[in-house]
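Written out below as structure tokens is the structure these notes cover.
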Amino acid sequence: MEAIKIAENIYWVGVIDWNLRNLHGYSTHEGSSYNAFLILDEKVVLIDTVKKEYASQLIDKISDIIDPKKIDLVISNHTEMDHSGSLFEVMHRIGEDKPIICSAMGEKALKRHFKSNWNYRVVKDGEEFSIGKRTLQFFETRMLHWPDSMFSYVKEDEILFSSDAFGQHYAGPERFDDDITPEIWYQAKKYYANIILPYSELVLKLIEKVKSAGLNFNMICPDHGIIWRVNPLSIIEAYNIWARQEPARYALVIYDTMWNSTKLMAEEIVEALGHYGVYAKSMYIKAYDRSEIMAEILTAGAVIIGSPTINNGLYPTVADFLCYFKGLKPVNKIVAAFGSYGWSGEAVKLINETFDSMKLNTVDSIRSQYLPDENCIKSCHELAKKIAEQLPS
Ligand code: FEO
634 MEAIKIAENI YWVGVIDWNL RNLHGYSTHE GSSYNAFLIL DEKVVLIDTV
684 KKEYASQLID KISDIIDPKK IDLVISNHTE MDHSGSLFEV MHRIGEDKPI
734 ICSAMGEKAL KRHFKSNWNY RVVKDGEEFS IGKRTLQFFE TRMLHWPDSM
784 FSYVKEDEIL FSSDAFGQHY AGPERFDDDI TPEIWYQAKK YYANIILPYS
834 ELVLKLIEKV KSAGLNFNMI CPDHGIIWRV NPLSIIEAYN IWARQEPARY
884 ALVIYDTMWN STKLMAEEIV EALGHYGVYA KSMYIKAYDR SEIMAEILTA
934 GAVIIGSPTI NNGLYPTVAD FLCYFKGLKP VNKIVAAFGS YGWSGEAVKL
984 INETFDSMKL NTVDSIRSQY LPDENCIKSC HELAKKIAEQ LPS
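In my numbering, the protein residues as written are 634 to 1026.
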């Protein structure tokens, strides 16, 4: 894909990674893109780079527009290697003495990662920097999603370069939200649930800060996926909703099973939830990637997790999921644990310990020795009833 003009003298020079299928444990079945941008003004500015293996594509795209040596400065909004990976090659091509604009944490991270004493120009939150006809303004967005993260805003064009925020791991031919599809919205939601979710409080504060600063947006350009230009506020509004994590009357029953007893319990709970008027979905852990389950959890009000006991512990797939789930720190969920066992039955206790450590509100738990009997089935229905009563109507 060639460089694309996104505004007068501003170009997308990123690359599409059609074959990416996993990014730090997150399934990316639709690939991704690494978006980098070139601004031609009295100073020529490159905003972010791309993954190391795509450095030559980035340089080629820049070269179609301008001799890379004419780049005067690079802005590094974020040090993670999908955006800084080509920095070494870029600096080599444009001149090692050219300034790299970054946050204070960005300087530390880049120095530690690249072991290179480049000409860092650290900017503070709100600081402005003239590049000729345009003024760039920088906003620190610490922990959205790394300590170094920042946004760059072109005041005259009202274009926000938002680093990872507002992105989607999506490698379609679309570069803009002109014909936004349900798939792109799903990828934006999945991205939020798997990358931004732990920092939801900061997202809400940032939205308030942007509102009080009175910033307008002609365009929001994230570092992954499509650029928001038809309705940039739609993705901000979506973040406002997702960050609040308001519970819906939606329950997920997430489980694995060894000899089908835990599966039988899961099916009873899902059916009973439906009976009590809850939209409920069964998610067999082997049928979904952990990141797909998290995308559903984002909007669920209840999360019910089931595991058989093996070797006095959790089933390994459930342990993996619980570790990922805990790290993403969802809030405002009611939770419950269930599972079958043969003789010791620790799995349910271990799930409950994870829930407690996350300060989630546990409704109840059910254990079944060997096959679920009538009493167990009754308990599954009672659990569903309690969950239905606690979820919003
Ligand atoms: Fe797309 Fe945090 O890197």
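Quick reminder that beta carbons are idealized off the backbone N, C-alpha and C, glycines included.
Original post:
Of all the options 990, 857, 1013, 991, which has the alpha carbon lying nearest to the alpha carbon of residue 1001?
Top reply: 1013
Subject >> residue 715: CB within 7 angstroms of a non-hydrogen atom of ligand 1 >> reply: yes
Subject >> Own chain residues within Cβ distance below 8 angstroms of residue 851, not counting five before or after >> reply: Around residue 851: 640, 790, 791, 792, 862, 865.
Original post:
Got a sec: does ligand 3 put a non-hydrogen atom nearer than 7 angstroms to the Cβ of residue 779?
Top reply: Summarising the ligand content, the structure contains ligand 1 and does not contain ligand 3.
**OP:** Flag this pair as yes or no: are the beta carbons of residue 897 and residue 835 separated by less than 8 angstroms?
**Re:** no
**OP:** Quick one: grab the DSSP three-state call for residue 949.
**Re:** helix
Subject >> Cβ neighbours of residue 868 in the same chain (closer than 6 angstroms, five flanking residues each side left out) >> reply: 799, 861
Subject >> Euclidean distance between Cα positions of residue 667 and residue 927 >> reply: 23 angstroms
Original post:
When the Cβ atoms of the region 707-721 are set against those of the region 676-693, are three or more pairs found closer than 8 angstroms?
Top reply: At 8 angstroms Cβ cutoff, the stretches touch.
**OP:** Identify every residue that forms a DSSP beta bridge with residue 673.
**Re:** 677
**OP:** Tell me residue 1005's beta-bridge partners as DSSP assigns them.
**Re:** For residue 1005, which the question treats as bridged, DSSP gives no partner whatsoever.
**OP:** Excluding the 5 residues preceding and the 5 following residue 742 in the sequence, name in chain order all residues of the same chain whose CB lies nearer than 7 angstroms to its CB.
**Re:** 712, 781
**OP:** Output the boundary residues of the alpha helix (DSSP H) element that contains residue 905.
**Re:** Run containing residue 905: 894-908, per the alpha helix (DSSP H) assignment.
Subject >> Coil, strand or helix - residue 701 by DSSP >> reply: The three-state secondary structure of residue 701, taken from DSSP, is helix.
**OP:** Please report the Cβ distance between residue 933 and residue 881, rounded to the nearest whole angstrom; I am assuming they are in contact, meaning their Cβ atoms lie under 8 angstroms.
**Re:** 7 angstroms
Original post:
Cβ of residue 711 versus every heavy atom of ligand 1: is any distance shorter than 7 angstroms?
Top reply: yes
Subject >> Neighbour-count burial assignment, residue 965, 16 or more Cβ in a 10 Å radius >> reply: exposed
Original post:
Taking the alpha carbon of residue 783 as the point to measure from, which residue in 662, 989, 839, 729 has its own alpha carbon closest?
Top reply: 839
**OP:** Give a yes or no on whether the C-beta atoms belonging to residue 723 and residue 679 are separated by under 8 angstroms.
**Re:** Yes, they are a contact pair.
Original post:
Using the C-alpha atoms, what's the distance from residue 900 back to residue 915?
Top reply: 7 angstroms
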